[in-house]
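Those letters in the sequence shown? Residues 1 to 355, by full-length UniProt numbering.
The beta carbon of each residue, even a glycine, is placed where N, CA and C say it ideally should be.
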Amino acid sequence: MADISQQLKEQVLQARESGHKLNIVGGGTKAFMGREADTDAGTLNVGEHTGIVDYHPVELVLTVRAGTPLSEIEATLAEEGQCLHFEPPHFGAASTIGGTLACNLSGPGRPWAGSVRDQVLGIRLLNGKGEHLRFGGQVMKNVAGYDVSRLQAGALGTLGVITEISMKVMPKPAASLTLVQEMGMDEVVHYMNSRAAEPKPITAACWVDGKVYLRLAGAKSGVEATAEKWSGEVMEEGDHFWRQVQDMRHEFFAGNDVPLWRFSVGSTAATPKLEGNWFIDWAGSQRWFRGAGELKDLEPAARAAGGQVSLFRGGDRTGEVMHHQPEALKGIQRRIKNAFDPDNIFNPGRLYSWL
C-alpha cells in the first residue's frame, strides 16, 4: 500500500502546484452529506487504500487504512468476538472507516458506548502541503497536547486526507434483548432519561411511531433481571430493528422527497413544535425531523432546546446545511483550516461556504 500512499501524496502536491482543488472520495456512500461538492474540483480517491495494518485482540486495538470497508473490519473483529462499539452506520457495502470518522457517524448506542471520535487513538494524515503526518498512537496515554486525531471527526475531509486510523475495539456483549411499548411523544423523553439514569445495562433508547424501544445488553443475568423489572414486551427481532436504525434503513428514513434534519439537543429538552414527523434517538439527545423548512427558521428551535440543527439529507444543499457558528468560532476554524490546508485544496466549501 506504500505505492497508493505515494500516489495520493503526489496528487496532493500536483494540485497544490497547479492551484486545483480536490474532492476526497472513499466509498462514495456519504456523498449526500454536507454541502454540494465543488464540480470544478478533481477527485482524490482513497477507496483503494485498504487493509488492516495491525490488530491486537488482547489489547483491544486495531489499526486500519482509511479506505477499508466497514464490513471487512467488522468481519475480522467478529472472529475474535469483538466489535466497533460505536456502531457505525453502513450506507452501502462500500462504506469505509475513513468516511465514518470524517463524518463523525455513530449508531444508537452513542450515549453509552461513546462516539467514533471517542474510540480514535491516532491517525495518519496527508495535509495540504503534501506532508504525510502521524498523530496520536495506539494507547490512550500517547494522545496528548493538540488532539489532531479527534479533530478530524466531523471535519468532512476539509483538514486533510485521513490515510490510517488506530482505534479501540470492544468485546461483543454476551446477551441482548429489546423491550418495546406504546408511549406518546410528550412523555417519552422523560421516560427514556429516567431509564437511562438507572444503573442497568441499557445500551440504546429510541422512539418512533408511538412506540419506545429500549435495548439491554451485557451479562445475561443482568439483562434478564432488568427485563423482568422494567415494563414492555420483549421484541422478537430486536437485533434486526437496531440494525435498521443503525444503518438508517428504518422506514422513517426512507425516501428523499422530504428533507431530513438532525437536531442535536439536550436530552431532557422538549421536542420542538414543528409540522412534520419525528424519530427520537439517543434517549433524547438526537432527534430526527422529516419536514419542510429552512435552516434559519429551525435554528431558534434548536437553540431553545439547548443544541443545534443541521440538514442531514435532501433539501437545498447549495446553501448552508450546518448550524450557524458565531464569529469567534469561525475565526478559530479558519485558523485551523489554514494550518492544515493553507491553499484550501481539500473539499472546498463542503462543510461551510466560508471554509
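If residue i and residue j are in contact, beta carbons under 8 Å, what's the gap, nearest whole angstrom?
{"i": "residue 346", "j": "residue 305", "result": "Not really, about 33 Å apart at Cβ, beyond 8 Å."}
{"i": "residue 95", "j": "residue 70", "result": "5 Å"}
{"i": "residue 265", "j": "residue 287", "result": "6 Å"}
{"i": "residue 97", "j": "residue 206", "result": "Not really, about 24 Å apart at Cβ, beyond 8 Å."}
{"i": "residue 170", "j": "residue 82", "result": "6 Å"}
{"i": "residue 289", "j": "residue 282", "result": "Their Cβ separation, rounded to whole angstroms, is 14 Å, which puts residue 289 and residue 282 out of contact at 8 Å."}
Less than 8 Å between C-beta atoms, sequence neighbours within five positions excluded: which residues of the same chain meet that for residue i?
{"i": "residue 156", "result": "33, 34, 102, 103, 347, 350, 351"}
{"i": "residue 128", "result": "12, 16, 160, 340, 341, 342, 343, 344, 345, 346"}
{"i": "residue 252", "result": "208, 209, 277, 279, 288, 290"}
{"i": "residue 190", "result": "268"}
{"i": "residue 47", "result": "25, 26, 27, 28, 67, 94, 96"}
Leaving out five residues before and five after residue i in sequence, what residues of the same chain have Cβ atoms less than 7 Å from its Cβ?
{"i": "residue 150", "result": "117, 120"}
{"i": "residue 89", "result": "105, 107, 246, 247, 248"}
{"i": "residue 313", "result": "32, 256, 260"}
{"i": "residue 241", "result": "178, 213, 235"}
{"i": "residue 328", "result": "none"}
{"i": "residue 57", "result": "80, 82"}
Any idea if residue i is buried or exposed, counting beta-carbon neighbours within 10 angstroms, 16 or more meaning buried?
{"i": "residue 6", "result": "exposed"}
{"i": "residue 275", "result": "exposed"}
{"i": "residue 140", "result": "Bear in mind that a pLDDT of 44 at residue 140, under 50, signals an unreliable position, so the number given afterwards is only what the model happens to contain. Classification of residue 140: exposed, given that the 10 Å Cβ count is below 16."}
{"i": "residue 356", "result": "In this structure the chain extends from 1 to 355, so residue 356 is not present and cannot be described."}
{"i": "residue 153", "result": "buried"}
{"i": "residue 204", "result": "buried"}
{"i": "residue 354", "result": "exposed"}
{"i": "residue 216", "result": "buried"}
{"i": "residue 319", "result": "exposed"}
{"i": "residue 300", "result": "exposed"}
{"i": "residue 51", "result": "exposed"}
{"i": "residue 49", "result": "buried"}
{"i": "residue 326", "result": "exposed"}
{"i": "residue 295", "result": "buried"}
{"i": "residue 331", "result": "exposed"}
{"i": "residue 148", "result": "buried"}
{"i": "residue 334", "result": "exposed"}
{"i": "residue 109", "result": "buried"}
With a CB to CB cut of under 6 Å and the five nearest residues on each side skipped, what residues in its chain are close to residue i?
{"i": "residue 317", "result": "35, 36"}
{"i": "residue 15", "result": "22, 345"}
{"i": "residue 29", "result": "91, 92, 94, 95"}
{"i": "residue 172", "result": "81, 83"}
{"i": "residue 43", "result": "23, 25"}
{"i": "residue 218", "result": "173, 201"}
{"i": "residue 45", "result": "25"}
{"i": "residue 145", "result": "Confidence in residue 145 is poor, its pLDDT being 49 and thus under 50, which makes the residue's placement unreliable; the coordinate value appears in the next sentence. There are no such residues."}
{"i": "residue 250", "result": "244"}
{"i": "residue 143", "result": "With a pLDDT of 42 at residue 143, under the threshold of 50, the modelled position of this residue cannot be trusted, and the question is left open."}
{"i": "residue 298", "result": "309"}
{"i": "residue 269", "result": "305, 306"}
With the cut-off set at 8 Å, would you say residue i and residue j are in Cβ contact?
{"i": "residue 60", "j": "residue 74", "result": "no"}
{"i": "residue 9", "j": "residue 41", "result": "no"}
{"i": "residue 238", "j": "residue 178", "result": "yes"}
{"i": "residue 245", "j": "residue 212", "result": "no"}
{"i": "residue 66", "j": "residue 4", "result": "no"}
{"i": "residue 323", "j": "residue 292", "result": "no"}
{"i": "residue 358", "j": "residue 236", "result": "Since the first and last residues shown for the chain are 1 and 355, residue 358 lies out of range."}
{"i": "residue 53", "j": "residue 63", "result": "yes"}
{"i": "residue 114", "j": "residue 135", "result": "no"}
{"i": "residue 336", "j": "residue 159", "result": "yes"}
{"i": "residue 99", "j": "residue 184", "result": "no"}
{"i": "residue 267", "j": "residue 284", "result": "yes"}
{"i": "residue 229", "j": "residue 175", "result": "no"}
{"i": "residue 72", "j": "residue 123", "result": "no"}
{"i": "residue 55", "j": "residue 68", "result": "no"}
{"i": "residue 195", "j": "residue 214", "result": "yes"}
Cβ of residue i versus every heavy atom of the ligand GTP: is any distance shorter than 7 Å?
{"i": "residue 59", "result": "Of ligands this structure carries none, so the ligand GTP is not represented either."}
Is the stretch 222-239 touching the stretch 190-201 in the sense that three or more CB pairs, one from each, lie closer than 8 Å?
yes
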